[in-house]
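In UniProt numbering, the protein residues as written are 1 to 54. We treat Cβ as the ideally placed atom computed from N, Cα and C, and that holds for glycine.
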Amino acid sequence: NRQVLAIETDTSLPAARLIRVLDQLKESRGLPKSIRMDNGPEFISKKLKRNDSR
Numbered sequence: 001n002r003q004v005l006a007i008e009t010d011t012s013l014p015a016a017r018l019i020r021v022l023d024q025l026k027e028s029r030g031l032p033k034s035i036r037m038d039n040g041p042e043f044i045s046k047k048l049k050r051n052d053s054r
């Protein structure tokens, strides 16, 4: 089952903003079992990996 849980549009999506969206998602719905993404820089950043344990 695929669902769009959040949408953020802009000319860039820094890792800090992605982390904020994931935190909001966690608060409102809980985190999904998996997230499908490309290997864009915001998804492979060290900052996101540090927050992965949340």
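- When rounded, the separation of the alpha-carbon atoms in Leu-31 and Asn-51 is 13 Å.
- It is roughly 7 Å from the alpha-carbon of Val-21 to the alpha-carbon of Ala-6.
- Looking at Lys-46, Gly-40, Lys-47 and Lys-49, the one whose alpha-carbon comes closest to that of Ser-12 is Gly-40.
- In the DSSP assignment, Gln-3 falls outside any alpha helix (DSSP H) and carries neither an H nor an E.
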